[in-house]
Amino acid sequence: MDYKDKITDQQIASLLEEISSLKRENEKLKAVYDKAVISEKAFRDLFDSTSDAIYIQDNEGRFLMVNRGAELMYGYPREYFVGKTPEFLSAPGMNDLEKVIEYHKKAIKGIDQHFEFWGITKTKRIFPKTVKMMKGFYKNQDVVIVTAQDITDKKLTSESIKKTTTTLKALFDSTPDGIVIIENNDISMVNIRFTEITGLTLRDLKSRKLESIVNQNDIDRLKEILKTAEKTNKMPEDLIYKVKLDSGEEKILKNRYRFLGNDNDFKNRLVIVSDITEQQKNEEALQDSEFKLKGIFQNSLDGIGVSKNGVHVMCNPAYLQIFGYESNDELLSIKEIDLIAEDERERISEYTQKRIKNESAPTIYNTIGLKKDGSKFDLEIKVSEYFFKGEKYQIAFVRDITESNKLMSELIEAKNNAEKADNLKSEFLAQVSHEIRTPINAILSFAGLIKEEVNEFIDKEISESFDIMNRAGNRLIRTIDLILGMSELQTNSYEMNESEINLNKDIIENILIEKSKTASKKKIDIKTNFNDELIINADENSVYQIFENIIDNAVKYTDNGEIQINTRIENSIKTVEVIDTGIGISNEYLEKLFQPFTQEEQGYCRKFEGNGLGLALVKKYCEMNNAEIKVVSKKGLGTKFTVAFM
C-alpha cells in the first residue's frame, strides 16, 4: 500500500504548519542563544577586566568560577580553583579559618561581610588583602560573590606612616630639653621632658599658667619681654628664670624660642625649656674654684712658676722670695734655666727640652738653685703641664730644701746609730742568755743526780727543796729561751725551716703530755675535740712555741677548771681554739696583750710569774707562718685564743 495514500491533504497541511512553527521557534531560540552568547562574553570580559580578584563560591564555600584577577593574584590557573575551598590560599597560621567560614555563612544569608585576609601565592609570597562577601545568584543557585584586593602597598604605607609618627613622637619625648608647642597663643602640646622638668602636664597648663611656678622676682620681667616679642613679632633672646615646683624643689630654667612653621608668626612658636640648675651651680663652683685657686697661688708657701717654652710667664710671691727677686717683671726676661746653678744646667735643660718635644722626662727632681745674688741652695722641683688655647705651658712647684736636707742627714745618722745600738743590745742579750743558760743547765743536771743519790736519806722538806730548785731553774731557762727568741727576731737571724706538720699529733698532743702533770696538780680537766686532721706547711719550731705559750698560759691562769682545745678546717683554713675557764683578761689590757715586756699585773706583788715576752713572740711567730691570732676574754670567766692558718 502506498504510504501517500494514507496521509490526507489536511494532515499534510498540519504537518507543514508544525514544521514551519518549529522552524520559527528554532530561529527564535537561535537568536536568544546568540544574544546569550554575546551577553555572557560581555559578562566575562567585564569579569576579567578588573585587577581585583573575584570568586564565585557555592553555599559550601567551593569555588565555582574565578576571574583573571584571581589568577594573577595567586599564580594558579582558574581551573585549579574550581571545586576547592579557600584554605589552600591561606598563609599558614595567619588567619582564623573558622571565622572565615562564619563570614561565608552570613554572606549566603544576605549579610555582607568585610575583613582582612593573609594570602599565600603559588610562589609562597605572603601578602595582606581586603575581602568583601555578598550574596548572588548564579546558574540557578544562591552563591557568594567575593572580591579581594591586595593591600600590600597600602599596608606598607600605613606601617611607614605609623613608624614615622612613632619615631617622631619618640624623638619629641626623648630630647634632653622640655618642648612646648604653642599654636595661636594656645599651648597644644608638651613633651615628657617638660613635665619632668616642671612637674606640669598639658592638662595642668590648661587650668593654670606656667607663671604659677615662676619666682615672683622674675614674673614681671618675663611678661614684659614676651609682650614686646608679640608686638614686634621678633623672638626674644634666651630667657633665664627661677621656678619653685609644687614639690618645693627650686630650679633655674632657660627658654629658647623658635618660630613654628614658615609664617614667622610669634603666635605660633616652639619653646625649648632647659634645666640649667646644675650648670649654674657648676659655673658658680668654677668661679668659686678660680677665686680659691688664685688665693692658693698667691699665698702658697711653695714657689709656683708658670712658663712657656722655658720662658717665665708668671709666678707667685713665694717663687720670687725663693730666688731673691722682687717682682714678676724682673723674671719675665729671665729663662727658667738661668735660675739653676751652672754645673746643673745641662741636665735640667735636657729635661725641659724633652718636655717641649713631648718626650719622657722626670717630673720630680732635686737640683741646685741660683739666687739673684748668686748664692746657691738645694732646690726641689715638681713639674706638670697643661694646655691653654692650644698652647702648652709648664708649671714648676719649687721649694728650698737646704734645711730639710740638713735635717734629713741628721735623722739618717741618728737612725743608723739607733739601729746599731739596737743590734748591739740584741747581740748582748743573746750572748748573756747563752752564758747564763750553760751553767744553769749544768746546775740542774747535777742537782738531779744528787737528788737521785741521796733521796733515800733525806726528809720530805729537803726533797721539796730539790723540786723548788728544779722549777726555778726551768723558769730561768724558759726566760732565757724567750729572750733568745726575741733577740733572733729583732736581729733577723731566725731561720725558717718549713716542713709538713700534723698540728694535732706533732704539736698539740706532745704539748699536752708535757702539761698533763701540772694540770692534774691544779685539778684542771683538759678536753680535746679534733674534728679534722690539720696538716700545714710551716716552721715546726715556731709553731710549737705558739701553742706551747698559749696552752702554758691556759694552765698557769686556771685553777679547778677546764681547758678545751678544738681543731677544724673551714674553707681550707686550719683553725685551733684554746678555751680556758681561768681568770680572764680585762678589756683595758687586751689592747696591750701582744706588746713585749707587759703584764696585766705589775710589780713584785703580782700573783703570777712571767716576763711578758711569751705572747709577743706568739704574735711574731704567727705572722711568720701566715697565721692569724685572735683573742676573746672576759675578766673572771676565761679566755679563748683562736689561731687560723691561711
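Using our numbering, you'd call the opening residue of the sequence shown number 89 and step up by one each time. Glycine included, C-beta positions come from ideal geometry on N, C-alpha and C. Since the model is a prediction, treat every value here as computed from it, not as a measurement.
- Query: Within 8 angstroms: the Cβ of Lys723 and any heavy atom of the ligand ZN?
  - Reply: In the structure on display, the ligand ZN does not appear, and there are no ligands present to speak of.
Among Ser178, His192 and Thr289, the one whose alpha carbon lies nearest that of Phe215
Ser178
> To which residues does DSSP link Met182 through a beta bridge?
Replying inline: Met182 pairs with nothing; no bridge assigned.
Output yes or no for whether 9 angstroms exceeds the beta carbon distance between Ile638 and Ile614.
no
*What residue range is occupied by the uninterrupted beta strand (DSSP E) comprising Tyr226?*
Ile214 to Tyr226
Can you give, in chain order, each stretch of the alpha helix (DSSP H) that sits fully within the segment 332-400 and has at least 4 residues?
365-387
Three-pair Cβ contact test at 8 angstroms for the segment 294-312 versus the segment 348-357
no
- For the segment 269-284 and the segment 325-337, state whether three or more C-beta atom pairs, one from each stretch, are separated by less than 8 angstroms. no
Margin query: So for Met161, helix, strand or coil by DSSP?
Written below: helix
* Asked: Counting pairs of Cβ atoms below 8 angstroms between the segment 672-679 and the segment 626-643, do you hit three or more?
  -> no
Would you call the segment 391-400 in contact with the segment 423-436, where contact means no fewer than 3 C-beta pairs closer than 8 angstroms?
yes
Q. Who are the near neighbours of Phe135 in its chain, counting only those whose CB is closer than 7 angstroms to its CB and skipping five residues on each side?
A. Ile142 and Asn155
- Item | Residues that Met402 bridges to, as DSSP identifies them | Val394
(Q) Buried or exposed for Glu636, going by 16 or more other Cβ atoms inside 10 Å? (A) buried
Rounded to the nearest angstrom, what separates Ala406 and Ala704 at their Cα positions? 50 angstroms
* To do: State the DSSP-derived secondary structure class of Val188, mapped to helix, strand or coil.
  => helix
Reference Lys707; option with closest CA among Leu152, Ile634, Met402 and Asp292: Ile634
Item checked: Assigned secondary structure, Thr235 (DSSP; H/G/I helix, E/B strand, else coil) -> strand
* To do: Have a look at Glu515, Asp306 and Val268 and flag the residue whose alpha-carbon is nearest the alpha-carbon of Arg291.
  => Val268
Could you tell me the distance, in whole angstroms, from the CA atom of Arg346 to the CA atom of Lys332? 25 angstroms
*Over what stretch of residues does the alpha helix (DSSP H) that includes Met712 continue unbroken?*
Gly702 to Met712
With DSSP collapsed to three states, give me the class of Gln683. coil
**Q.** His400 classed as buried or exposed, judged by whether at least 16 other C-beta atoms fall within 10 angstroms
**A.** buried
Original post:
Which stretch, first to last residue, makes up the alpha helix (DSSP H) that contains Asn625?
Top reply: Unbroken run through Asn625 is the beta strand (DSSP E), Ile623 to Asp627; no alpha helix (DSSP H).
Worksheet entry | Asn493 - DSSP class collapsed to helix/strand/coil | helix
* So the beta strand (DSSP E) Ala484 belongs to, where does it begin and stop? -> Glu479 to Asp488
Does DSSP classify Phe635 as helix, strand or coil?
-> helix
Notebook entry, point to check: How many Å lie between Lys217 and Asn228 at the Cα?
Noted result: 30 angstroms
In the DSSP output, which residue or residues are listed as bridge partners for Met277? Ile269
So what does DSSP say about Met323, is it helix, strand or coil?
coil
For the beta strand (DSSP E) containing Leu600, list its first residue and its last residue.
Unbroken run through Leu600 is the alpha helix (DSSP H), Glu597 to Lys609; no beta strand (DSSP E).
Item to check | Own chain partners of Ala607 with C-beta closer than 6 angstroms, once the 5 adjacent residues on each side are dropped | outcome: Ile614 and Val643
| Roughly how many angstroms separate the alpha carbons of Phe151 and Lys250, rounded to a whole number? | 37 angstroms
_Can you tell me whether Val170 is helix, strand or coil according to DSSP?_
coil
### Task
Under 6 angstroms Cβ to Cβ from Asn714, same chain only, skipping five residues before and after it: list those, please.
Met734
request  = Look at the Cβ atom of Asp334, then the Cβ atom of Ile285, and state whether they are nearer than 9 angstroms.
outcome  = no
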